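Novice: The structure's right below; bear with me while I get my questions together.
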Amino acid sequence: MSNKLPYQREKLLFKVENVSLSYDTREILQNINFEIYDIVRPGIVQGQVVSLIGRSGIGKTQLFKILSGFKKPNAGSVRIGVDQHLVQMGDVGIVPQDYILFNHRSIYDNLKIAVNHCSKKMSDKEKEESIGHYANEFQLTEHLRKYPMQLSGGQRQRVSIIQQVLTGNSFILLDEPFSGLDVVMKDKVIELLVKVSLSTEETTLIIVSHDIESSLAISDTAFILAKQSENKAATIKQTLDLMEMGLAWHPEIKSDPEFIDLVGKIKYMI
Amino acid sequence: MKDILKALFQPFKVVNLQTIYLLFGIQAMAAIILWQMSGGGLIPGPYKVMHGVINVISRPDFGENLFASLWLTTEGMGISIVLALIISYLYVIPFFKPLAAFIIKCRYLTLTGLIFLFTLLTKDGHQLKISLLIFGIVPFFVTSLVAIIDSIDQQEYELCKTLKMSDWNALVEVIIIGRLDQAFEVLRQNFAISWMMITMVEGLSMSEGGLGALLIKSNKYIDLSTVFGILVIIFSMGVIWDYVLGLLRIWLFPYTKIQTIQL
Numbered sequence: 006m007s008n009k010l011p012y013q014r015e016k017l018l019f020k021v022e023n024v025s026l027s028y029d030t031r032e033i034l035q036n037i038n039f040e041i042y043d044i045v046r047p048g049i050v051q052g053q054v055v056s057l058i059g060r061s062g063i064g065k066t067q068l069f070k071i072l073s074g075f076k077k078p079n080a081g082s083v084r085i086g087v088d089q090h091l092v093q094m095g096d097v098g099i100v101p102q103d104y105i106l107f108n109h110r111s112i113y114d115n116l117k118i119a120v121n122h123c124s125k126k127m128s129d130k131e132k133e134e135s136i137g138h139y140a141n142e143f144q145l146t147e148h149l150r151k152y153p154m155q156l157s158g159g160q161r162q163r164v165s166i167i168q169q170v171l172t173g174n175s176f177i178l179l180d181e182p183f184s185g186l187d188v189v190m191k192d193k194v195i196e197l198l199v200k201v202s203l204s205t206e207e208t209t210l211i212i213v214s215h216d217i218e219s220s221l222a223i224s225d226t227a228f229i230l231a232k233q234s235e236n237k238a239a240t241i242k243q244t245l246d247l248m249e250m251g252l253a254w255h256p257e258i259k260s261d262p263e264f265i266d267l268v269g270k271i272k273y274m275i
Numbered sequence: 694m695k696d697i698l699k700a701l702f703q704p705f706k707v708v709n710l711q712t713i714y715l716l717f718g719i720q721a722m723a724a725i726i727l728w729q730m731s732g733g734g735l736i737p738g739p740y741k742v743m744h745g746v747i748n749v750i751s752r753p754d755f756g757e758n759l760f761a762s763l764w765l766t767t768e769g770m771g772i773s774i775v776l777a778l779i780i781s782y783l784y785v786i787p788f789f790k791p792l793a794a795f796i797i798k799c800r801y802l803t804l805t806g807l808i809f810l811f812t813l814l815t816k817d818g819h820q821l822k823i824s825l826l827i828f829g830i831v832p833f834f835v836t837s838l839v840a841i842i843d844s845i846d847q848q849e850y851e852l853c854k855t856l857k858m859s860d861w862n863a864l865v866e867v868i869i870i871g872r873l874d875q876a877f878e879v880l881r882q883n884f885a886i887s888w889m890m891i892t893m894v895e896g897l898s899m900s901e902g903g904l905g906a907l908l909i910k911s912n913k914y915i916d917l918s919t920v921f922g923i924l925v926i927i928f929s930m931g932v933i934w935d936y937v938l939g940l941l942r943i944w945l946f947p948y949t950k951i952q953t954i955q956l
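Protein chains in written order, with my numbering: chain A, 6 to 275; chain B, 694 to 956.
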């Protein structure tokens, strides 16, 4: 089933160079290097979906904080955008594992805050339309008047993602978006993330996860984060160009023997 | 029935509200009976105290004294909460951290030694009472509010950053608006301190009256049934206030009543 679909790698959008992190004498991350490019597919408006896959406790959350600009690494740099400036807090939207929202505001108000701070100036009518459009697209219209605590985890996750999209963040980091979900829900999240990635050409989703199958199924590129050897810091052990392998952008990829084989190999590697 | 009785003595067992009310009623009744049976001597029994309550309420100046106490408490609480909120919100600005830390430690200062200083600093009895109330309440308010601020998840500030909010916007959204319900709860809890202090400060300047002044006068004449009667009134007023503030919190901040759902 797997076949390579046409694409072009264009501008550099995100560059992680020699990032290392340690606490006292304990090294957590060492020489993390990877790049994310604007992938252009003929006739399709689609952003990029990249995964950072690694086992629990390997330092993924620390890397998540560094990539979002909330933590400074001991060495190395993270550059973002076409101008490749050093990442600052707020440059990257984040969807944390526990989907933090403003609990004192209704879902509508949570989204309104996002759209009010959007980098693109909009009229009140446009803001309303934008909220309505995304709420409808992600089946949240009937929940707009509810408070976050009245929603399920999956619904909160959707609100959290839309909030970041409405702010106009092109880069969105997602921490373990498949964590604690059953198979059906995982497929729904994959569907949702594909939908988000299809919203604009610049949208870049960076998924940090230990779920190999779901992460690979949605990504165009995956970076495998693993320890070089026991008691050593984690680093990028392998880069998987899923587009080149013909494994990207296929909705039924999970049943592809080549894909299943790849998942098995990665399991062994990490 | 056997299961219900067993559940009443087991940790973490959930019993229905009706059973709780029933338990409360039985225990209150038992306490009153025990009180009545152990009575005699100097300590008045429940019957005498109830008489005391009726006597106090029937006094022509009762309404005036009750209003004086309520007004003093409300005024003291109002000023205290405004001051405490300002100090607590400023706590997140490094320059003001030492001030907040000092005020928190002022909980350990005894008011008794400072009454003379406050008498010198204030121009009349009312000001003296208000100042003492504020000085007594604010450190407790600030302690509770700062504890709330300290317990805020760092991710909430990070969310503000990713939503492109400024630091000031984050302060307003997360600490001021976002924790208004908890600040209100702190007010409710600390109202008890204020209400407890009222009798003490009213005793310092009795010209304005108040329940505290009544209490001290009755104490002076060892009119114990009236003293206990006033205490019952003070206690009941406190419980009513607590209940009203609780209802007000739910009305003002409906999301505080919402239970988290796990789907």
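Where is the CB? At the ideal position from N, CA and C, for every residue including glycine.
From a predicted model like this one, the values you see are computed outputs, not experimental measurements.
1. Assuming contact is defined by CB atoms lying nearer than 9 Å, are residue 238(A) and residue 35(A) in contact in what I supplied?
2. How is the alpha helix (DSSP H) around residue 219(A) delimited, first residue to last?
3. Quickly, what does DSSP pair residue 49(A) with across the bridge? List them, please.
4. What's the C-alpha gap between residue 22(A) and residue 28(A)?
5. Which runs of the alpha helix (DSSP H) spanning at least 4 residues fall entirely within the region 29-93 of chain A, listed in chain order?
6. How would you call residue 260(A), buried or exposed, if buried means at least 16 neighbouring beta carbons within 10 angstroms?
7. Going straight from the alpha carbon of residue 835(B) to that of residue 777(B), what length do you get?
8. Buried or exposed for residue 143(A), going by 16 or more other Cβ atoms inside 10 Å?
9. Taking CB distances under 9 Å as the criterion, tell me whether residue 948(B) reaches chain A.
10. Looking at residue 99(A): is its Cβ nearer than 9 Å to the Cβ of residue 852(B)?
11. Taking 8 Å as the line, does the beta carbon of residue 253(A) fall inside it for any heavy atom of the ligand ADP?
12. Closer than 9 Å, CB to CB, is residue 103(A) near chain B or not?
13. Mind checking the region 869-888 of chain B against chain E and listing, in chain order, the residues whose C-beta falls within less than 9 Å of any C-beta there?
14. At which residues does the beta strand (DSSP E) containing residue 243(A) begin and terminate?
15. Check whether chain A comes within 9 Å of residue 778(B), counting only Cβ atoms and requiring the distance to be less than that.
16. For residue 258(A), decide whether its Cβ has a neighbour in chain B, counting only Cβ atoms nearer than 9 Å.
17. With DSSP as the reference, label residue 257(A) as helix, strand or coil.
18. Inspect the CB distances between the region 723-736 of chain B and the region 777-787 of chain B and report whether three or more fall short of 8 Å.
19. Quick one, are the C-beta atoms of residue 811(B) and residue 824(B) less than 9 Å apart?
20. If you draw a straight line from the alpha carbon of residue 208(A) to that of residue 50(A), how long is it in whole angstroms?
21. How is residue 895(B) classed by DSSP in three states: helix, strand or coil?
22. Can you tell me where the alpha helix (DSSP H) holding residue 713(B) begins and where it ends?
23. Closer than 7 Å by C-beta to residue 20(A): which residues in its own chain qualify, once you throw out the five before and the five after it? Chain order, please.
24. Within 9 Å (strictly less), CB to CB, does residue 867(B) reach chain A?
25. What does the alpha-carbon distance come out to for the pair residue 816(B) and residue 171(A)?
26. Say whether chain B places a C-beta atom closer than 9 Å to the C-beta of residue 223(A).
27. Let me check one thing: in DSSP terms, what residues is residue 227(A) bridge-paired to?
28. Taking the straight line between their C-alpha atoms, what separation do you get for residue 258(A) and residue 224(A)?
29. Can you grab the Cα-Cα spacing for the pair residue 860(B) / residue 25(A), in whole Å?
30. Who are the near neighbours of residue 122(A) in its chain, counting only those whose CB is closer than 7 Å to its CB and skipping five residues on each side?
31. Which of the three DSSP states is assigned to residue 158(A) in this structure?
32. Would you say residue 904(B) and residue 751(B) are within 9 Å of each other, going by their C-beta atoms?
33. Which residues, in order along the region 822-848 of chain B, keep a beta-carbon less than 9 Å from a beta-carbon of chain A?
Specialist: A quick look at the data gives this:
1. yes
2. 217-223
3. 46(A)
4. 19 Å
5. 65-72
6. exposed
7. 5 Å
8. buried
9. yes
10. yes
11. Judged by which ligands are present, the structure shown has none, so any question about the ligand ADP falls away.
12. yes
13. The structure shown contains no chain E; its protein chains are A and B.
14. 239-246
15. no
16. no
17. coil
18. no
19. yes
20. 10 Å
21. helix
22. 710-731
23. 40, 84 and 89
24. yes
25. 58 Å
26. no
27. 56(A) and 245(A)
28. 11 Å
29. 28 Å
30. 172
31. helix
32. no
33. 846, 847 and 848
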